[in-house]
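Participant: In terms of our numbering, the sequence shown opens at residue 629 and continues consecutively.
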Amino acid sequence: MYQSTMRLTTLARRWRAHPAAVPSPGPGPPAIQQAAGRNRGSLQLRHVDAGSCNGCELEIASIFSPVYDAERFGIRLEASPRHADGLLVTGPVTRNMADPLRKTLEAVPRPRVVVAVGDCARNCGVFRGAYGVEGSVADVVPVDLEIPGCPPDPATIITALRGLAGT
Numbered sequence: 629m630y631q632s633t634m635r636l637t638t639l640a641r642r643w644r645a646h647p648a649a650v651p652s653p654g655p656g657p658p659a660i661q662q663a664a665g666r667n668r669g670s671l672q673l674r675h676v677d678a679g680s681c682n683g684c685e686l687e688i689a690s691i692f693s694p695v696y697d698a699e700r701f702g703i704r705l706e707a708s709p710r711h712a713d714g715l716l717v718t719g720p721v722t723r724n725m726a727d728p729l730r731k732t733l734e735a736v737p738r739p740r741v742v743v744a745v746g747d748c749a750r751n752c753g754v755f756r757g758a759y760g761v762e763g764s765v766a767d768v769v770p771v772d773l774e775i776p777g778c779p780p781d782p783a784t785i786i787t788a789l790r791g792l793a794g795t
C-alpha cells in the first residue's frame, strides 16, 4: 500500500512539472481576431490530410491526449465538414487531393477558417517540386492561419488554435 501511494505522489509531481503547460496566445493579426470573434470560445475543425507524411497527424493526435487536452479550450475535431467551423489541413496538396480538398471546404458552412499545419502545408517543405504535388494549401484554397514546424509541437498547435478560438 505504501509503495503505490508513493508512486501516485511521484506521478502527481511529474504531472505538475510536465511541459504541457500551454501559453496563452497573443491577440494575433486582425484577420485572426475577427475569426476569434466568430468562434466565441469554441472551434470545431475537420482534419484533412492532403498528402502528408503523418508527422503532423501524430502531433495533432497528441493535442487531444490527456497530457495536452485541447478540448478544455473548446477545440474539437469533427467527423463531418458540415458540422465544422473550418478545416485543419496537413501536408502538401497532392494532385489527387486538390479537388477533394476544395469540395470539403465547400461543405463547411460560412463563416469558415482554414488552418495549414506544418511546413509542408505552408510551402510544400521537402516535397516541393515533386511530380505528384499540386502545391501548398494556400495554392489550392484560401488559408487563414499557418502553423510552422516540421512537425510543429503540440504546444505550438494549441496556442495557435486558441488564438483562433478566442480562448
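Note that CB positions come from ideal geometry on N, CA and C, so glycine has one too.
Only a predicted model underlies this, so the values are computations on that prediction, with no experimental measurement involved.
1) Following the continuous alpha helix (DSSP H) through residue 768, name the residue where it begins and the one where it ends.
2) I need the straight-line Cα distance from residue 769 to residue 717, nearest angstrom please.
3) In three-state DSSP terms, what is residue 762?
4) Give the range of the alpha helix (DSSP H) segment to which residue 795 is assigned.
5) Under a three-way DSSP split, which group does residue 753 fall into?
6) Please confirm whether residue 705 and residue 729 have their CB atoms less than 9 Å apart.
7) Could you work out which residue in 745, 721 and 771 is closest to residue 783 when comparing CA atoms only?
8) My output table needs one value for residue 678: the three-state DSSP class, helix, strand or coil.
9) For residue 732, which residues from the same chain have a beta carbon less than 6 Å from its beta carbon, with the 5 sequence-adjacent residues on both sides left out?
10) Quick one: which unbroken alpha helix (DSSP H) runs of 4-plus residues sit fully inside the stretch 673-743? Chain order, please.
11) Find out if the Cβ-Cβ distance for the pair residue 827, residue 720 is shorter than 9 Å.
12) Report yes if the C-beta distance between residue 765 and residue 749 is below 9 Å; otherwise report no.
13) Leaving out five residues on either side along the sequence, give the residues of the same chain with a beta carbon under 7 Å from the beta carbon of residue 722.
14) Let me check one thing: in DSSP terms, what residues is residue 775 bridge-paired to?
Facilitator: Well, looking at it:
1) In the sequence shown, the residue the question calls residue 768 occupies position 140. Unbroken alpha helix (DSSP H) run through residue 768: 765-768.
2) Residue numbering aside, residue 769 sits at position 141 when the sequence shown is read from its first letter. Residue numbering aside, residue 717 sits at position 89 when the sequence shown is read from its first letter. Computed Cα separation, rounded: 10 Å.
3) Walking along the sequence shown from the start, residue 762 turns up at place 134. Looking at residue 762 - three-state DSSP - the assignment turns out to be strand.
4) For the purposes of this step, residue 795 is taken as residue 167 along the sequence shown, with counting starting at 1. No alpha helix (DSSP H) holds residue 795; DSSP gives it neither H nor E.
5) Working through the sequence shown from its first residue, we reach residue 753 at position 125. DSSP places residue 753 in helix when its eight states are reduced to three.
6) In the sequence shown, counting from the first residue as 1, residue 705 sits at position 77. In the sequence shown, counting from the first residue as 1, residue 729 sits at position 101. Against a cut-off of 9 Å, the Cβ pair of residue 729 and residue 705 comes out as no contact.
7) As a first step, residue 783 must be located in the sequence shown, where it is residue number 155. Residue 745 is the option with its Cα nearest to residue 783.
8) Here the question's residue 678 lines up with position 50 in the sequence shown. Three-state DSSP puts residue 678 in coil, outside helix and strand.
9) Indexing the sequence shown from 1 puts residue 732 at position 104. Listed in chain order, the non-local C-beta contacts of residue 732 below 6 Å within the same chain comprise 676 and 709, local neighbours out to five positions each way being set aside.
10) The stretch 673-743 contains these whole alpha helix (DSSP H) runs: 683-691 and 726-735.
11) For the chain, the structure presents residues 629 to 795; residue 827 sits outside this window and is missing.
12) Residue 765 sits at position 137 when you count from the first residue of the sequence shown. Residue 749 sits at position 121 when you count from the first residue of the sequence shown. Yes. Within cutoff.
13) Start at 1 with the first residue of the sequence shown, and residue 722 comes out as number 94. So the qualifying residues of the chain are 678, 679, 760, 761 and 762.
14) Counting from one through the sequence shown, the residue named residue 775 turns up at place 147. 745, per the DSSP bridge assignment.
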